[in-house]
Amino acid sequence: MYSRRSSTQTRADREKPTIASFILIVHVTFSSKKVKEDFKVLYAEEAEFCRKSEANTLSYELALSDRDELAGVIIERFRSKDDYLSHKESSVFKRYREKLKKLEESGDVKLNGQSYYQSNLGYF
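Read in order, the letters of the sequence shown are residues 1 to 124 in UniProt numbering.
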């Protein structure tokens, strides 16, 4: 549930980040609404594992386009690149990645991603 900040708290009151986290942004294109819905189930299982088991996975989210019903973006944020590399070694991720690879090979899902280091010029 959404929780509102105190009306006296401003953005200036937020602490400046002290780490330059490692971020992966992946654009996703689905071949159909059904593929998108099936992918959401697959992704939710992976995201729940990360939330419960990976303390250094700071964010793990699928956002869906408000303009194109077959487009989305995955945003993954890790405390460090080493934490990202550890994340990729989990058995749960490997199973997820195998299923995702099959979706890519069939043409049902197209992925286009890149990794970044957080600049800490803004805020999350």
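C-beta: ideal position from N, C-alpha, C; glycine also. Please read all numbers here as calculations on a predicted model, not as lab measurements.
- Excluding five sequence positions before and after K99, the CB atoms of its chain that fall closer than 8 Å to its own CB belong to L42, given in chain order.
- In this structure, DSSP gives S106 a helical state, which the three-state scheme calls helix.
- Following the DSSP letters along the chain, one finds A63 inside the beta strand (DSSP E) bounded by residues T57 to L64.
- For R77, the secondary structure class from DSSP, reduced to helix, strand or coil, is strand.
- Taking every protein chain shown into account, the CB of Y60 has 16 or more other CB atoms within 10 angstroms, so this residue is buried.
- L111 sits in a strand when the DSSP states are folded into three classes.
- Between the region 21–36 and the region 74–81, the count of C-beta pairs closer than 8 Å reaches three or more; the two stretches touch.
- Per DSSP, reduced to three states, the secondary structure at L121 is coil, with no helix or strand assignment.
- Cα atoms of D38 and I19: separation of roughly 35 Å, rounded to the nearest angstrom.
- When beta bridges are read from the DSSP output, V26 appears opposite I74 and G113.
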